[in-house]
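Following: one structure in structure tokens, then a few remarks.
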Amino acid sequence: MKPFIVIAEDEQAVSELLRYNLEAEGYETAIANDGDEAMLLIDERIPDLMLLDWMLPKISGIEICRRVRTRQETANLPIIMLTARTEEADRIRGLETGADDYVTKPFSTNELMARVKAVLRRIRPALMDDRIEVGDIQIDRSTHSVMRGGKDIHLGPTEFRLLEYFAQHPGRVFSREQLLDGVWGSDVYVEARTVDVHIGRLRKALMSQGGNNPIRTVRSAGYSLRVD
Ligand code: CA
Numbered sequence: 031m032k033p034f035i036v037i038a039e040d041e042q043a044v045s046e047l048l049r050y051n052l053e054a055e056g057y058e059t060a061i062a063n064d065g066d067e068a069m070l071l072i073d074e075r076i077p078d079l080m081l082l083d084w085m086l087p088k089i090s091g092i093e094i095c096r097r098v099r100t101r102q103e104t105a106n107l108p109i110i111m112l113t114a115r116t117e118e119a120d121r122i123r124g125l126e127t128g129a130d131d132y133v134t135k136p137f138s139t140n141e142l143m144a145r146v147k148a149v150l151r152r153i154r155p156a157l158m159d160d161r162i163e164v165g166d167i168q169i170d171r172s173t174h175s176v177m178r179g180g181k182d183i184h185l186g187p188t189e190f191r192l193l194e195y196f197a198q199h200p201g202r203v204f205s206r207e208q209l210l211d212g213v214w215g216s217d218v219y220v221e222a223r224t225v226d227v228h229i230g231r232l233r234k235a236l237m238s239q240g241g242n243n244p245i246r247t248v249r250s251a252g253y254s255l256r257v258d
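For the sequence shown, the numbering used here gives the first residue as 31, with consecutive numbering after it.
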């Protein structure tokens with residue numbers, strides 16, 4: 031699964047350059063040309079990171095940052111601000127609003143790529159590393175193997191991807207639609223009920239060697255992986 035990055039930038043030359051470089055590095059991208067589009071994109075699918083232009087039409091970068099931080103499901107979304115402003119006060123304001131890092135325009139593409147990687151590693155280590163550990167569950171993405179409490183767990187490919195997806199966002203509640211988009215992909219037609227079937231299989235497999243039910247059902251909201 032490629033990390034998904036939203037590029038919120040109204041200068042097309044900049045957004046296209048970013049898209050080109052990020053995709054070459056193996057990321058999936060979507061471009062928002064203004065603040066409204068950025069919020070819509072996030073509503074549709076929460077990205078793994080957002081590159082956010084400070085001076086954005088309709089809703090400013092600062093305001094988007096504030097909104098993203100106040101919503102529970104996006105509170106930890108990594109944000110790198112792109113700013114033409116070099117004044118120290120503005121930088122501080124950007125970081126105070128909740129950006130994780132900022133890059134001043136014009137920036138070197140190599141530097142920005144390095145920042146993206148660094149922020150993802152720091153905030154979302156599970157996305158960048160082969161081994162993910164959540165509670166007593168260990169996932170090895172290079173060998174596609176899963177252990178729980180030291181015992182092997184056998185999962186089908188879809189259950190593996192589901193678990194991997196949950197593990198990248200431990201504790202976060204996902205709706206069936208979000209799981210469909212994240213695990214099956216938005217261009218595949220699968221009924222929402224299919225998600226329940228695979229969740230059931232994943233649960234059963236994870237509990238096959240003992241242990242509590244690690245997947246929480248949140249009434250009318252969806253599912254999440256327990257972190258404790
Ligand atoms: Ca701008």
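The C-beta atom is built at its ideal place from N, Cα and C for all residues, glycine as well.
N-terminal and C-terminal residue of the beta strand (DSSP E) that residue i is part of
i	result
A60	58-62
L81	79-83
I89	First-last for I89: undefined, no H or E at that position.
M254	Checking the displayed sequence, the identity of residue 254 turns out to be Ser instead of Met. Taken as a continuous stretch (DSSP letters only), the beta strand (DSSP E) holding S254 covers 252-255.
M260	Because the chain spans 31 through 258 in this model, residue 260 falls outside it and cannot be assessed.
V133	131-134
A38	34-38
T104	Taken as a continuous stretch (DSSP letters only), T104 belongs to no beta strand (DSSP E), as it is neither H nor E.
R246	245-248
Residue i classed as buried or exposed, judged by whether at least 16 other C-beta atoms fall within 10 angstroms
i	result
E53	exposed
T113	buried
S45	buried
P33	buried
Y219	exposed
E126	exposed
P244	buried
D130	buried
H184	exposed
H199	buried
D73	exposed
E39	buried
Q102	exposed
D217	exposed
E55	exposed
Q42	exposed
E141	exposed
Residue i - DSSP class collapsed to helix/strand/coil
i	result
A197	helix
V227	helix
I76	coil
V203	coil
V218	coil
R233	helix
R97	helix
R123	helix
G65	helix
G241	coil
G128	coil
Enclosing alpha helix (DSSP H) for residue i [first to last residue]
i	result
I43	It is Ala, not Ile, that sits at residue 43 in the sequence shown. Element bounds for A43: 42-54.
R206	206-209
**Message:** Taking 5 Å as the limit, name every residue whose beta carbon sits nearer than that to some heavy atom of ligand 1, in sequence order.
**Reply:** D40, D83, M85
**Request:** Any chance you could list the alpha helix (DSSP H) runs of at least 4 consecutive residues sitting entirely within the segment 136-194, in chain order?
**Result:** Correct list: 139-153, 155-158.
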